[in-house]
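Here is the structure we will look at.
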Amino acid sequence: MPFLVDGYNLMHAAGYLTAKPTQRLEPIRRRFLDWLAGVGRAKKAQFRVVFDGQASPSSSPEGDHGGVKVRFSFGLAADDEIETLLEVPSPGLVVVSNDQRLHEAARRAHVTAWRCERFLDWVIRDETPPSPPEVIPPEKPTSPDADAELLAVFQQPRGRGR
């Protein structure tokens with residue numbers, strides 16, 4: 001399943017960022033992308049994450065982080081870049097953001113939009129099928145002689161044990 005993710009939006013929802021980060025963003029982003037790459041492997045999903053890069057000094061090409069496509073929206077807000085990406089038909093795509101503007105853009109592009117909380121629920125939900133019930137092999141068929149022998153053992157009088 002392909003996902004187009006509003007990077008900092010999901011980072012906030014997943015608890016990677018606080019309102020005022022006290023650390024540099026690069027190591028936090030790396031941990032977030034490591035987590036998302038693990039989710040992608042576990043869920044067999046593809047991710048493209050867009051981060052705000054409007055204050056970047058120059059544009060950079062889309063990169064790869066453990067199978068997660070990563071891009072910074074040079075000169076634009078991530079929302080603007082995501083809207084531009086939605087102009088290309090992408091059947092089965094899911095946009096992940098809490099931004100209502102992106103939900104509306106997804107609707108116009110005829111793709112699904114999930115709030116970040118729904119995405120996180122999907123991540124933690126165990127979607128592995130339950131194990132099949134244990135199959136107990138049928139008892140071996142017995143012969144009439146074996147049945148008679150067994151019956152004789154159980155019909156013998158019992159002695160008094162102390």
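Quick note on numbering: the sequence shown equals residues 1 to 162 in the UniProt record's numbering.
Where is the CB? At the ideal position from N, CA and C, for every residue including glycine.
All values derive from a computational prediction rather than experimental measurement.
(request) Using alpha carbons as the reference points, say which of 86, 38, 52 lies closest to residue 124. (result) Relative to residue 124, the option among 86, 38, 52 whose CA is nearest is 38.
(message) Just to confirm, is the Cβ distance from residue 50 to residue 81 under 8 angstroms?
(response) Contact flag set, yes.
(request) Reducing DSSP to helix, strand and coil, say where residue 155 ends up. (result) In this structure, residue 155 counts as helix in the three-state DSSP scheme.
(message) Distance cutoff 8 angstroms, beta carbons only. Does residue 92 sit that close to anything in chain D?
(response) In the structure shown, chain D does not exist; there is a single protein chain.
(request) Could you pull the start and end residues of the alpha helix (DSSP H) that residue 84 belongs to? (result) First-last of the alpha helix (DSSP H) with residue 84: 78-85.
(request) Using beta-carbon positions only, say whether residue 46 and residue 2 come within less than 8 angstroms of one another. (result) Taking 8 angstroms as the cut-off, the Cβ atoms of residue 46 and residue 2 count as close.
(message) At the level of alpha carbons, what is the spacing between residue 30 and residue 24?
(response) Their Cα atoms are separated by approximately 11 angstroms.
(request) List the endpoints of the continuous beta strand (DSSP E) containing residue 110. (result) Secondary structure note for residue 110: it is in no beta strand (DSSP E), with a DSSP letter that is neither H nor E.
(request) Give the DSSP bridge partners of residue 5, in chain order. (result) 49, 96.
(message) Quick check on residue 69: does DSSP put it in helix, strand or coil?
(response) Residue 69 falls in the strand class under three-state DSSP.
(request) Would you mind working out which of 43, 94, 67 sits nearest residue 4, comparing C-alpha positions? (result) Checking every option, the nearest Cα to that of residue 4 belongs to 94.
(request) Kindly list the residues whose CB is nearer than 7 angstroms to the CB of residue 92, restricted to its own chain and excluding five residues on each side of it in sequence; keep chain order. (result) Closer than 7 angstroms at Cβ, skipping near neighbours: 1, 2.
(request) Report all residues from its chain with a CB closer than 8 angstroms to the CB of residue 143; omit the five preceding and five following residues, and keep chain order. (result) Sequence-distant partners of residue 143 (beyond 5 residues in either direction) whose C-beta falls short of 8 angstroms from its own C-beta are missing from its chain.
(request) For residue 33, I'd like the list of residues in its chain whose CB is within less than 6 angstroms of its CB, leaving aside the five on either flank, ordered along the chain. (result) Same-chain partners within the cutoff: 65, 68.
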